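Residue numbers (this note's numbering): 14 to 599.
From the three backbone atoms N, C-alpha and C, an ideal C-beta is built for every residue, glycine too.
All values reported here derive from a predicted model rather than from experimental measurement.
Okay, structure first, notes after.
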RNA sequence: CGGGGCGUAGCGCAGCCUGGUUAGCGCGCCUGCCUUGGGAGCAGGAGGUCGUGUGUUCGAAUCACACCGCCCCGACCA
């Protein structure tokens, strides 16, 4: 019996004896971890930190990652994509072609090699893949093509956090599609969209595909795949009644057409001494914040712009940025506001203001509202859009709230947190143009590739799965992601009959094609139970005293704790049935 | 980078404010006994440049300054 020469079809060592594994579980949580997935991945011995945002994946952590990778690989291949592997180290020249060497910012780790050549570590691979395309794809007959890789990316994140959730080094699947036209690119996009739905479903995750901000490109060709979890860093809006789901930044506010019949009243100046905040002004005047319009000054690529929203609303900076077509917007400070408008903050209003004005659509529909008087200690009442002031643009500029109706069906909306695990994006011809990547179309014309890119944070998926599947005792792996699906506990290491039975059932489970680990450590039962729970292995098979008495072993489900006693032979067939049925769902 | 916090044994912490022998505790680890169905018990033991450097002092884990590292809150993203 030479354990070390046995491998299964996945190249995984067939004999997994806990006593020989590097699986350093921890009783206490390391101080460095804050969120559940991070704590559990450290406690369960899945990984160890090397330095900020950079981890070593220990055997069990790697096994979980491999599970995700394999699902991703299968579905990408099924969708017709081809796997390749691009370099991590990339020459700066390539990045200069697209201008991103300058634009990308400090997240791109730049360095010089021994010949003093400028280089960088790949945070993403549009440049490299486009270079391949322009060199190797020449004809419309070569298209469409979708190329992907599963690779370690490096992004020098400002603040890595939450373990694998936002590391600097992380494993990503990135795919790039090349098409002859917009229409064809949209087909490629939809294929990926469908593939992603299959991937995350197969991973056993509760997720939503949400419309995302697609920046300058526009259209509905950017979706983020969000795993619903409280620790998510993004806020998403989902409809309780229909399929609508969007990133908060992008969620469309649907105006309920309010036809106020209130007659327009005469504009008046009112004194509001020392009242600057919306709350203070409203309390002083005895009005609701929804009757007031606040005027906020932003710096749009450095230029001041006043934005009008109702007193109880918040400006959505991404919408503002897209409306203005600028790279960056930022709230102006008190001093900057005064410098630009000559009015101290708190009393700013649109009537007679000195800077550009844009208004949220809601403001244009309001009647007889209050605004700042553009004079210290004064506000104006009975102000009306159009009559008393104008705006350069009227648009949806505010953040959506749970009180807003669903833009798709009018139903009720809910805000929730999500972890972004995937992003599909139609790129268009930006990269192919800047890098001059062309093919010859059927009409003989040289055309630029229409591209798309599609990412999945593989290591993040593992963290997200744990965020979504755990209890006080540890991880509860969805079966498709579990490093092993059965753990056999030998509770009588020194008892020949028990040990022999544990060995046999372990071998039989392997022979049945299951991924199984044998806890053969000479430890007390309590410790083994705790470790089995912590590791999150879906099924636990215990061979102990009851076997000595009755010849039965215990099969327990990690997820619901359901426990059954049966003979080892029954256990093998029961587990095989449960697990193979689960894994056949493709 | 801005704001907050922390670096003492593999992990979790106390000691520091108010300097003074061999720097403690719990877990883990090693040896032995004992125990064996939910992180046992007893006995013995190994393990520390107190993050680094400079300074103050008769004397620094303890005080000061600088640096390094890590964690948390903000802008970024898979």
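*Just to confirm, are residue 462 and residue 191 a CB contact at a threshold of 8 angstroms?*
yes
*From the DSSP output, in three-state form, read off residue 157 for me.*
coil
_Neighbourhood of residue 474 by C-beta distance below 7 angstroms, restricted to the same chain and skipping five residues each side_ = 81, 216, 434
*What's the C-alpha gap between residue 197 and residue 520?*
51 angstroms
*Considering only the beta carbon of each residue, do residue 393 and residue 386 sit closer than 8 angstroms?*
yes
*By how many angstroms is the C-alpha of residue 30 removed from the C-alpha of residue 18?*
Reliability fails at residue 18, whose pLDDT of 45 lies under 50, so the model's placement of it is uncertain and the value that follows must be treated cautiously. Each residue's alpha carbon lies about 14 angstroms from the other.
*Check each candidate in 595, 484, 431, 589 and name the one with the smallest Cα separation from residue 494.*
595
*Rounded to whole angstroms, how far is the Cβ of residue 491 from the Cβ of residue 478, which I believe are closer than 8 angstroms?*
6 angstroms
*How many whole angstroms separate the CB atoms of residue 237 and residue 223, which I take to be in contact at a CB cut-off of 8 angstroms?*
5 angstroms
*For residue 551, does the count of other Cβ atoms within 10 angstroms reach 16, so buried, or fall short, so exposed?*
buried
*What is the rounded straight-line gap between the Cα of residue 258 and the Cα of residue 264?*
8 angstroms
_Exposed unless 16 or more other CB atoms sit within 10 angstroms - verdict on residue 56_ = buried
*Once you ignore the five residues that flank residue 301 on each side, which residues in its own chain have a CB closer than 7 angstroms to its CB?*
295
*In the DSSP assignment, find the beta strand (DSSP E) that holds residue 240 and state where it starts and stops.*
235-241
*According to DSSP, what are the bridge partners of residue 577?*
568
*Are the Cβ atoms of residue 546 and residue 503 separated by less than 8 angstroms?*
no
*Using a threshold of 8 angstroms, state whether the C-beta atoms of residue 160 and residue 241 are closer than that.*
no
*Would you decide whether residue 603 is buried or exposed? Buried here means 16 or more other CB atoms lie within 10 Å of its CB.*
Only positions 14 to 599 of the chain appear in the structure, and residue 603 is not among them; the question remains open.
*DSSP puts residue 60 in a beta bridge; with which residues?*
70
*asked:* Please identify the residue among 74, 152, 150, 208 whose C-alpha is closest to the C-alpha of residue 90.
replied: 208
*What separation, rounded to the nearest whole angstrom, lies between the Cα atoms of residue 425 and residue 585?*
48 angstroms
*Roughly how far, in whole angstroms, is the beta-carbon of residue 309 from the beta-carbon of residue 280, given that I think they are within contact range, below 8 angstroms?*
Actually they are not in contact, since the Cβ atoms of residue 309 and residue 280 sit about 21 angstroms apart, beyond 8 angstroms.
*asked:* Check whether the segment 449-463 and the segment 150-169 touch, using three or more Cβ-Cβ pairs below 8 angstroms as the test.
replied: yes
*Nearest to residue 402 (by Cα), restricted to the options 428, 370, 391, 413*: 370
*Do the segment 341-356 and the segment 314-323 make contact, defined as three or more Cβ pairs closer than 8 angstroms?*
yes
*Of the residues 364, 347, 365, which one's Cα is nearest the Cα of residue 358?*
347
*Who pairs with residue 104 in a beta bridge, going by DSSP?*
132
*Across which residues does DSSP place residue 614 in a beta bridge pair?*
Because residue 614 is not part of the residues shown, which for the chain are 14 to 599, the question remains open.
*Are the segment 139-148 and the segment 104-111 touching, with three or more C-beta to C-beta distances below 8 angstroms?*
yes
*Does the distance from the C-beta atom of residue 380 to that of residue 445 stay below 8 angstroms?*
no
*Can you name, in chain order, every residue of its own chain whose Cβ lies under 6 angstroms from the Cβ of residue 420, other than the five neighbours on each side?*
265, 267
_If you measure between the beta carbons of residue 565 and residue 579, is that distance less than 8 angstroms?_
yes
*Where do the ends of the alpha helix (DSSP H) carrying residue 500 lie?*
First-last for residue 500: 499-503, but that is the beta strand (DSSP E), not the alpha helix (DSSP H).
*Could you tell me the distance, in whole angstroms, from the CA atom of residue 201 to the CA atom of residue 235?*
13 angstroms
*Distance, residue 77 Cα to residue 516 Cα*: 25 angstroms
*Kindly list the residues whose CB is nearer than 6 angstroms to the CB of residue 598, restricted to its own chain and excluding five residues on each side of it in sequence; keep chain order.*
none
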